[in-house]
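Only one structure is covered here, and it is reproduced in the block below.
Structure representation (structure tokens):
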């Protein structure tokens with residue numbers, strides 16, 4: 014079982030990185046590997062509650078994030094400073110995430126066999 | 014004769030904005046309008062001397078900037094702070110440009126019938 | 005007012021094309037005239053009829069094509085930008101026409117406002 | 005080492021695809037193995053054979069196709085990303101194959117290093 | 022002048038670049054990822070409150086909703102696409 | 022760890038974001054528009070000199086040449102694509 018990680022670091026919708034990154038996470042869930050997901054920088058905005066696409070027709074991927082658990086993706090981490098500097102708390106998020114400090118991020122990357130950044 | 018302007022504000026090569034922006038300037042030169050060109054922010058890097066594409070094969074568009082005069086594009090401006098904060102002087106540039114101050118930029122935009130930002 | 009729109013990014017990758025579409029709809033609803041929508045840079049990728057998004061997502065090319073034909077708005081895809089990105093007459097969808105970059109200058113001369121949608 | 009490359013941007017618009025190509029050439033010259041090049045997001049646009057850049061510019065698709073066939077490297081274009089951007093079997097060039105996103109996970113499992121080229 | 026900002030202020034200098042040139046009283050329209058500049062409670066709130074008092078700052082409602090952002094700093098005005106079109110009618114526009 | 026930075030430091034926060042997480046001594050590879058972080062005489066020179074003493078900073082020769090940049094701040098190491106490949110062989114890589 015390989016340790017693999019997906020890092021979300023860009024804001025949602027303005028660019029497709031987080032949406033297609035999420036599609037990648039779902040597929041990884043089917044491979045029975047040790048998968049982690051990490052939200053840093055603007056990536057924390059991708060799991061904000063209350064998204065409503067009725068004004069734009071752009072696909073809302075919040076429900077898919079909520080489905081991560083069903084895909085056995087349970088190691089979900091969020092960087093504290095990224096979250097706090099954007100005025101968010103854990104209660105603002107559509108999924109449960111474990112808060113980590115900035116100095117744990119690089120270590121977590123080092124531990125993986127490989128990782129992706131979206 | 015309409016006043017039209019092309020503003021270059023992104024670094025060259027990393028993205029194609031400045032290259033295709035330059036193609037647009039050349040075409041505008043054929044329409045006998047009052048055309049200005051303005052370099053601000055990272056756009057000033059697009060007219061740096063000494064570009065050499067031998068290591069990458071990416072098309073070097075320096076010679077095309079040098080040809081602007083031949084297309085009757087003679088109103089060329091550069092923002093002083095953008096140039097200085099990138100350690101550049103007028104001697105570092107492949108074309109002659111008139112230095113303007115930051116507070117002239119918006120005024121220059123307002124004077125145009127329309128303008129482009131690349 | 006007489007509007008010109010300039011679309012500089014491809015579909016799905018960036019929101020620019022969605023924003024431009026919503027803006028165009030709102031402008032038409034208010035009775036403004038759109039003289040031309042010009043697709044430049046990666047914007048030319050909006051014109052391909054080979055696009056097949058997932059069923060639950062918007063179809064960006066079809067949205068644009070419907071807007072062009074229903075409102076009789078001219079859509080020009082820059083030939084030079086299109087060629088280097090693999091867009092030609094064999095894939096261009098209804099409502100879009102390939103044209104020269106000069107049509108962007110002409111738009112800037114004629115439009116009261118030129119609005120640029122980019123990343 | 006066994007390398008995997010992930011290309012996330014289209015040709016010409018961003019330097020990412022050029023950088024990946026130069027990196028791939030340098031890696032092969034040093035005797036490293038490239039297990040797979042995976043084209044995702046706008047990276048799928050590198051695969052179209054309809055690309056026709058100006059004569060004095062590099063032809064990004066042909067460069068890639070030559071690298072794939074001469075070195076027998078597998079190039080996979082993500083089917084989901086490709087469909088929404090108008091890339092399908094009718095336009096995919098020599099050396100590229102359309103494949104599932106699972107092949108990216110497999111690459112991450114097998115490669116010693118996965119290098120991502122993006123904007 | 023109407024300055025259009027569509028990039029996250031946490032990631033891009035586009036807004037700060039624009040402010041170097043924009044004269045006080047000019048209009049700034051935040052849309053796409055640019056709307057995050059109007060987020061209440063962020064580390065940029067102090068800076069952005071100053072901006073909102075020096076400039077007319079608008080933020081696009083549809084892009085706020087899409088991103089689930091409902092708490093805005095004081096002094097910014099929400100507009101929808103119809104309002105965006107009106108603003109363009111009133112000003113020349115620069116896309117940063 | 023090798024951190025890959027390909028965005029201009031005058032326009033993007035990518036390098037500063039990366040530095041929030043990178044431990045001192047980690048390697049940073051500047052390429053594409055990222056090479057401008059190594060530009061001597063710029064307003065970022067002071068900041069970048071500090072970075073170059075805390076981290077191993079590499080800059081891609083081919084991208085420097087392409088952009089006509091030849092004056093670099095002290096403490097950064099020029100490498101070509103072959104050197105870039107070697108660095109990837111020595112470290113896991115993160116693309117910012």
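Chains as they are written, first to last, in our numbering: chain A, 14 to 131; chain B, 14 to 131; chain C, 5 to 123; chain D, 5 to 123; chain E, 22 to 117; chain F, 22 to 117.
Backbone N, C-alpha and C fix where the C-beta goes; we use that ideal spot for every residue, glycine too.
What you are looking at is a predicted structure, and each value in this text was computed from that prediction instead of being measured.
Counted within 10 angstroms of its Cβ, other Cβ atoms place residue i as buried (16 or more) or exposed
{"i": "residue 44/E", "result": "exposed"}
{"i": "residue 61/D", "result": "exposed"}
{"i": "residue 74/D", "result": "exposed"}
{"i": "residue 67/E", "result": "exposed"}
{"i": "residue 103/B", "result": "exposed"}
{"i": "residue 99/F", "result": "exposed"}
{"i": "residue 93/D", "result": "exposed"}
{"i": "residue 127/B", "result": "buried"}
{"i": "residue 120/D", "result": "buried"}
{"i": "residue 67/B", "result": "exposed"}
{"i": "residue 113/E", "result": "buried"}
{"i": "residue 76/C", "result": "exposed"}
{"i": "residue 61/A", "result": "buried"}
{"i": "residue 32/F", "result": "buried"}
{"i": "residue 79/B", "result": "exposed"}
{"i": "residue 95/E", "result": "exposed"}
{"i": "residue 25/B", "result": "buried"}
{"i": "residue 99/B", "result": "buried"}
{"i": "residue 92/A", "result": "buried"}
{"i": "residue 59/D", "result": "exposed"}
{"i": "residue 104/C", "result": "exposed"}
Beta-ladder partner(s) of residue i, from DSSP
{"i": "residue 79/E", "result": "50/E and 98/E"}
{"i": "residue 52/D", "result": "96/D"}
{"i": "residue 41/C", "result": "9/C and 79/C"}
{"i": "residue 130/A", "result": "20/A"}
{"i": "residue 103/D", "result": "82/D"}
{"i": "residue 91/B", "result": "52/B and 112/B"}
{"i": "residue 61/B", "result": "106/B"}
{"i": "residue 47/B", "result": "16/B"}
{"i": "residue 93/F", "result": "60/F"}
Chain-ordered chain B contacts of residue i [CB-CB under 8 Å]
{"i": "residue 18/D", "result": "27, 28 and 29"}
{"i": "residue 120/C", "result": "129 and 130"}
{"i": "residue 3/C", "result": "The question about residue 3/C has no answer here: the residues shown for chain C are numbered 5 through 123."}
Under 8 Å by beta carbon: chain C residues contacting residue i
{"i": "residue 92/D", "result": "54 and 56"}
{"i": "residue 83/E", "result": "26"}
{"i": "residue 103/E", "result": "30, 33 and 34"}
{"i": "residue 52/E", "result": "23"}
Enclosing alpha helix (DSSP H) for residue i [first to last residue]
{"i": "residue 37/A", "result": "30-41"}
{"i": "residue 38/E", "result": "35-42"}
{"i": "residue 69/A", "result": "Premise fails: residue 69/A is in no alpha helix (DSSP H) and is neither H nor E."}
{"i": "residue 78/A", "result": "75-79"}
Partner residues on chain F for residue i, Cβ-Cβ distance less than 7 Å
{"i": "residue 31/D", "result": "106"}
{"i": "residue 32/E", "result": "33 and 34"}
First through last residue of the beta strand (DSSP E) which encompasses residue i
{"i": "residue 21/A", "result": "16-21"}
{"i": "residue 106/B", "result": "Per DSSP, residue 106/B belongs to no beta strand (DSSP E) and is neither H nor E."}
{"i": "residue 117/C", "result": "117-121"}
{"i": "residue 27/D", "result": "No beta strand (DSSP E) holds residue 27/D; the alpha helix (DSSP H) holding it covers 20-33."}
{"i": "residue 120/B", "result": "Run containing residue 120/B: none in the beta strand (DSSP E); it sits in the alpha helix (DSSP H), 118-123."}
{"i": "residue 24/E", "result": "23-26"}
{"i": "residue 116/E", "result": "114-116"}
Amino acids of chain F, ordered along the chain, whose beta-carbon sits closer than 9 Å to that of residue i
{"i": "residue 117/D", "result": "109, 110, 112, 113 and 114"}
Chain-ordered chain A contacts of residue i [CB-CB under 8 Å]
{"i": "residue 62/C", "result": "70, 71 and 72"}
Contacts that residue i makes with chain B (C-beta to C-beta distance below 9 Å)
{"i": "residue 108/C", "result": "37, 40, 41 and 129"}
{"i": "residue 61/F", "result": "100"}
Chain D contact residues for residue i, given Cβ-Cβ distances below 9 Å
{"i": "residue 14/C", "result": "14, 17, 46, 49 and 89"}
Interface residues of chain E facing residue i [CB-CB closer than 8 Å]
{"i": "residue 96/B", "result": "Neighbours of residue 96/B on chain E: none; closest Cβ ~13 Å, over 8 Å."}
Under 8 Å by beta carbon: chain F residues contacting residue i
{"i": "residue 80/A", "result": "What residue 80/A touches in chain F: nothing, since even the nearest Cβ is about 27 Å away."}
Closer than 8 Å at the beta carbon, the chain D residues around residue i
{"i": "residue 4/C", "result": "What the structure shows of chain C is the stretch from 5 to 123, and residue 4/C is not part of that stretch, so it cannot be assessed."}
Any contact of the stretch 18-33 of chain A with the stretch 44-54 of chain A, i.e. 3+ C-beta pairs under 8 Å? yes
Should the stretch 77-89 of chain B be called in touch with the stretch 71-82 of chain E, which here means at least 3 C-beta pairs below 8 Å? no
Closer than 8 Å is the cut-off here; do at least three beta carbon pairs connect the stretch 22-39 of chain E with the stretch 53-63 of chain E? yes
Count the CB pairs spanning the stretch 13-23 of chain D and the stretch 31-38 of chain C that are closer than 8 Å, and state whether there are at least three. no
Mind the definition here: the stretch 101-115 of chain A touches the stretch 75-85 of chain E only if three or more C-beta pairs lie below 8 Å; say whether that holds. no
Would you call the stretch 22-30 of chain D and the stretch 101-117 of chain C touching, i.e. three or more CB-CB distances under 8 Å? no
Take every Cβ of the stretch 91-107 of chain C, pair it with every Cβ of the stretch 38-50 of chain C, and state whether three or more of those distances are shorter than 8 Å. yes
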